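Trainee: Structure provided below as structure tokens; questions to follow.
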Amino acid sequence: MNLNSEQLEMLEGGQGPTRQKAIRLLIDLGKAAKAEKLVPVVSAHVSGVSPLTGGDGLIRFLKDLGSEKNINTVVETTLNSAGCDRTKFKEMDIPVKDYVEKQQIILDAYENLGIELSLSCTPYDNLSIEGNASWAESNAVCFANSYTNLRTNRESGLSAIATALCGFTPEYGLLLDKNRLPNLKINVDCDLTEPADYSILGDWIGKQIQPHFNLEYGPIPHIFGIKNLDFESKKSLTAAAANYGCPLLFIDGFTNNPGETQYQTELNFCNSDLEKRYAELAPKKKVDLVTIGCPQASFDEIKRTANYLEKYTINDNRLWVFTSSINFKKAKREGLIEKIEKSGGLILRETCPEVVHYNHDKVKHILTNSMKAEHYLKSGLNAIDTSVAKLETCIIHAANSKLLENVKNKKDSKEKIMYETSKTYQKDDLEINGKGLESQNSWSIEGEALVTDVPITFLGFVNRITGEIEEEGHPINGESMKNKILIFPKGSGSTVAPYVLLGLFYIGNGPKAIINTNLDQQTIPACSILDVPYAHSFEDNPCLAVNTGDKIRLTLENGNVKLQCLERA
33 MNLNSEQLEM
43 LEGGQGPTRQ
53 KAIRLLIDLG
63 KAAKAEKLVP
73 VVSAHVSGVS
83 PLTGGDGLIR
93 FLKDLGSEKN
103 INTVVETTLN
113 SAGCDRTKFK
123 EMDIPVKDYV
133 EKQQIILDAY
143 ENLGIELSLS
153 CTPYDNLSIE
163 GNASWAESNA
173 VCFANSYTNL
183 RTNRESGLSA
193 IATALCGFTP
203 EYGLLLDKNR
213 LPNLKINVDC
223 DLTEPADYSI
233 LGDWIGKQIQ
243 PHFNLEYGPI
253 PHIFGIKNLD
263 FESKKSLTAA
273 AANYGCPLLF
283 IDGFTNNPGE
293 TQYQTELNFC
303 NSDLEKRYAE
313 LAPKKKVDLV
323 TIGCPQASFD
333 EIKRTANYLE
343 KYTINDNRLW
353 VFTSSINFKK
363 AKREGLIEKI
373 EKSGGLILRE
383 TCPEVVHYNH
393 DKVKHILTNS
403 MKAEHYLKSG
413 LNAIDTSVAK
423 LETCIIHAAN
433 SKLLENVKNK
443 KDSKEKIMYE
453 TSKTYQKDDL
463 EINGKGLESQ
473 NSWSIEGEAL
483 VTDVPITFLG
493 FVNRITGEIE
503 EEGHPINGES
513 MKNKILIFPK
523 GSGSTVAPYV
533 LLGLFYIGNG
543 PKAIINTNLD
553 QQTIPACSIL
563 DVPYAHSFED
573 NPCLAVNTGD
583 KIRLTLENGN
593 VKLQCLERA
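With the first letter of the sequence shown counted as 1, position 227 gets the number 259 in my numbering; the numbers rise by one all the way through.
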């Protein structure tokens, strides 16, 4: 890469070891992406704040990062949602010991780095800046690229911090016009009348992705047929699509024309698809808690909630509305907070439904209006049965605890997802060549392969203690990556994924080495920081050429990696 004098000084350690590590990480990422240079950014947004999502891996990383005194961010940097509203911890009834203390350790560490404690997963609210950015938080990345004048790749929490400390990011991917092209065509042949409809559409799009699609920077849908699109609906659509790695989308008539198109497939979403999903997602038993605001509720969503509550009273702390401090203050000035609280609703600031640790003895079934919340609440993060409905239906359930009480023991009919896989058993001899990370000089490692051609969602679907895949329908569900050579296309889902990997590496339950077939902005930073052997860009697809259980050898010399199969499973 072509580095200027300031960047070279950082790389050589002239600005201290922390910035040296940070710029090495960015160079590793940039070289893997074939970036020619690092470019300045106007903004960074850091994810990985909650003790639930970041875990001990995050705390240990921040402790190591803060060991160098007087190290601060050099660009305007905001911070994602925390794991609780510290002013209403008692009302949230979080049962985890030292939870607030751990949360405060994390916040203090970020503040000491000069990061603004905005604690919002919607940094695009009232956004006025434009230019290159480095944002982590999947919904924010998709929203910014789709509807604002910011450009950002789908950064991990680690690479966003590295950028914030250095002021630069690799110029590749969605920073370049040539890559901002749609690869899926979506025809919407039904009326979408409220934000939950758009949330279901975004989730539906993500579920159509197949392993054989060539989506270098993730799914980028071009959507036709949408008639109305307000701020709330924009947010709901991008957040749900981002669950599956979507970093950008185009909507005919509402966003800029993408120009050239390279569609991998054309899909039709009709009224029967919408109705089917609502039927599948509808609550089938008594609801214990209703959560609104994932991503954090906009002012309009708070207003709609307050208006619905004019007809209802909420008892037993059954309605939680999550929002940012900015929207809380605005809603308070308009009297909306008082309205909701008088009705019995709980307004929570600076946190979000997916990053909270709930009291599982009391909360066994949550109803929400967000497919983003549903995606993570039912995952291994909280493993809570989660249903989805329109906002008014959510309010009705919050107000009436007796609804569906007579079927509370009825077994849920869970949606069964089986991922399509192209893998077949391989028995031929194998020797293929790929690339390593710029910062890694040489290594040789042997081990048993764990292989899938389906992306892995680390946050919520990988056990952060055992390293076991916990996603029903995934080809390697139930398998542990501990001490294996993990081979998979790339990560999907949350940008907090590196902290799950870091945590596994710290406790000795991570993979020996990692191979990706697609550029993975989530995996590379964790491997770069801890010098875990990493390989990419093989001449043949190792996800298809290697079997789970094969004994393989990886050797890195002069930037080139050789993969040899020593013994077939």
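Where a beta carbon is used, it is the ideal one built from N, C-alpha and C, also for glycine. These numbers were taken from a predicted model, which means no experiment stands behind them.
Express the C-alpha separation of Ser526 and Ala273 in angstroms, rounding to a whole number.
Mentor: In a straight line, the C-alpha of Ala273 is about 12 Å away from that of Ser526.
Trainee: Go ahead and label Gln294 buried or exposed: buried means 16 or more other beta carbons lie within 10 angstroms of its beta carbon, across all protein chains shown.
Mentor: Classification of Gln294: exposed, given that the 10 Å Cβ count is below 16.
Trainee: Excluding the 5 residues preceding and the 5 following Ser178 in the sequence, name in chain order all residues of the same chain whose CB lies nearer than 7 Å to its CB.
Mentor: Within the same chain, Ser178 has close Cβ partners Thr270, Leu280, Leu281 and Thr287.
Trainee: Mind checking Asn401: buried by the 16 CB within 10 Å criterion, or exposed?
Mentor: When all chains shown are included, Asn401 counts as buried.
Trainee: Between the C-alpha atoms of Phe121 and Val132, what's the straight-line distance to the nearest angstrom?
Mentor: Roughly 8 Å between the two C-alpha positions.
Trainee: Measure the beta-carbon distance from Glu555 to Gly523 and round it to whole angstroms, keeping in mind my assumption that it falls under 8 Å.
Mentor: Strictly speaking, residue 555 in this sequence is Thr, with Glu absent from that position. Right, their Cβ atoms sit about 6 Å apart.
Trainee: Given that a residue counts as buried once 16 or more other Cβ atoms are within 10 Å of its Cβ, and exposed if not, what is Phe245?
Mentor: The residue is exposed, with fewer than 16 neighbouring Cβ atoms inside 10 Å.
Trainee: Touch check for the segment 379–396 and the segment 124–131: three-plus C-beta pairs under 8 Å?
Mentor: Because the criterion of three Cβ pairs below 8 Å is met, the segment 379–396 and the segment 124–131 touch.
Trainee: Within the present structure, is the beta-carbon of Gly46 separated from the nearest heavy atom of the ligand FMN by less than 7 Å?
Mentor: Among the ligands in the structure shown, none appear at all, so the ligand FMN cannot be discussed.
Trainee: Report the rounded CA-to-CA distance for Gly581 versus Thr453, giving the unit in angstroms.
Mentor: Their Cα atoms are separated by approximately 17 Å.
Trainee: Is Ile161 buried or exposed, if buried means 16 or more other CB atoms sit within 10 Å of its CB?
Mentor: Ile161 comes out exposed.
Trainee: What did DSSP end up calling Asp417 once you bin it into helix, strand or coil?
Mentor: Reduced to three states, the DSSP call for Asp417 is strand.
Trainee: Rounded to the nearest angstrom, what separates Glu437 and Pro315 at their Cα positions?
Mentor: Near 11 Å, if we compare the C-alpha coordinates of Pro315 and Glu437.
Trainee: Quick check on DSSP: helix, strand or coil for Gly412?
Mentor: Of the three classes helix, strand and coil, the one that applies to Gly412 here is coil, per DSSP.
Trainee: Could you give the distance in angstroms between the alpha-carbon of Gln52 and the alpha-carbon of Cys153?
Mentor: Distance between the alpha carbons of Gln52 and Cys153 is about 29 Å.
Trainee: For the beta strand (DSSP E) that contains Val78, what are its first and last residues?
Mentor: Ser75 to Val78 is the span of the beta strand (DSSP E), which, as asked, contains Val78.
Trainee: Contact check, Leu145 vs Ile103 under 8 Å by CB: the rounded distance?
Mentor: That pair is a contact at about 7 Å.
Trainee: Using only alpha-carbon positions, find the residue among Ala172, Ser113, Gly115 and Lys134 that is nearest to Ser75.
Mentor: The shortest Cα separation from Ser75 among Ala172, Ser113, Gly115 and Lys134 belongs to Ala172.
Trainee: Are the CB atoms of Ser170 and Arg186 within a distance shorter than 8 Å?
Mentor: Yes.
Trainee: Can you tell me whether DSSP reads Cys278 as helix, strand or coil?
Mentor: Three-state result, Cys278: coil.
Trainee: Please specify which runs of the alpha helix (DSSP H), each continuous and at least 4 residues long, are wholly inside the segment 495–579, giving them in chain order.
Mentor: With a minimum length of 4 residues, the continuous alpha helix (DSSP H) runs that stay inside the segment 495–579 are 529–538, 555–562 and 574–577.
Trainee: Taking a contact to mean a Cβ-Cβ separation below 8 Å, would you say Cys559 touches Tyr566 in this structure?
Mentor: In contact: Cys559 and Tyr566 (Cβ atoms closer than 8 Å).
Trainee: Flag this pair as touching only if the segment 418–434 and the segment 362–372 have three or more C-beta atom pairs under 8 Å; answer yes or no.
Mentor: Verdict: no, contact absent.
Trainee: Hey, how far is the Cα of Ile218 from the Cα of Pro253?
Mentor: Cα-Cα distance, rounded: 7 Å.
Trainee: What first and last residue would you give for the alpha helix (DSSP H) that runs through Glu370?
Mentor: From DSSP, the alpha helix (DSSP H) with Glu370 extends over Leu368 to Lys374.
Trainee: Confirm, please, whether the CB-CB distance from Phe520 to Asn495 is below 8 Å.
Mentor: Against a cut-off of 8 Å, the Cβ pair of Phe520 and Asn495 comes out as no contact.
Trainee: Report the CB separation of Met33 from Gly80 in whole angstroms; it is logged as a contact under 8 Å.
Mentor: Contact flag wrong, Cβ pair sits at about 26 Å.
Trainee: At which residues does the beta strand (DSSP E) containing Ala329 begin and terminate?
Mentor: Looking at the DSSP string, the run of the beta strand (DSSP E) that includes Ala329 is Leu321 to Ala329.
Trainee: Give me the Cβ distance between Ala481 and Ile517, rounded to the nearest whole Å; I'm assuming they're in contact under 8 Å.
Mentor: At roughly 5 Å, the Cβ-Cβ gap stays under 8 Å, so Ala481 and Ile517 are in contact.
Trainee: When the Cα atoms are used, what is the spatial distance from Tyr204 to Cys326?
Mentor: Going from the Cα of Tyr204 to the Cα of Cys326 covers about 30 Å.
Trainee: Can you tell me which of Lys69, Phe490, Lys396 and Glu333 puts its alpha carbon nearest to the alpha carbon of Glu424?
Mentor: Among Lys69, Phe490, Lys396 and Glu333, the Cα nearest to that of Glu424 is on Glu333.
Trainee: Label Ser82 either buried or exposed according to how many other C-beta atoms from any shown protein chain fall within 10 Å of its C-beta, with 16 as the threshold for buried.
Mentor: Answer is buried; the Cβ neighbour count reaches 16.
Trainee: Between Pro557 and Leu208, how many whole angstroms is the CB-CB distance? I'm expecting something under 8 Å.
Mentor: About 20 Å separates the two Cβ atoms, so there is no contact after all.
Trainee: Would you call the segment 196–203 and the segment 97–114 touching, i.e. three or more CB-CB distances under 8 Å?
Mentor: Touching, yes, given that three or more Cβ pairs across the two stretches are closer than 8 Å.
Trainee: Counting only the same chain and skipping the five closest in sequence on each side, list residues whose C-beta sits under 7 Å from that of His429.
Mentor: Here the set comprises Pro315, Val319, Val322, Leu399 and Leu435.
Trainee: Just to confirm, are Leu551 and Ala64 a CB contact at a threshold of 8 Å?
Mentor: Contact flag set, yes.
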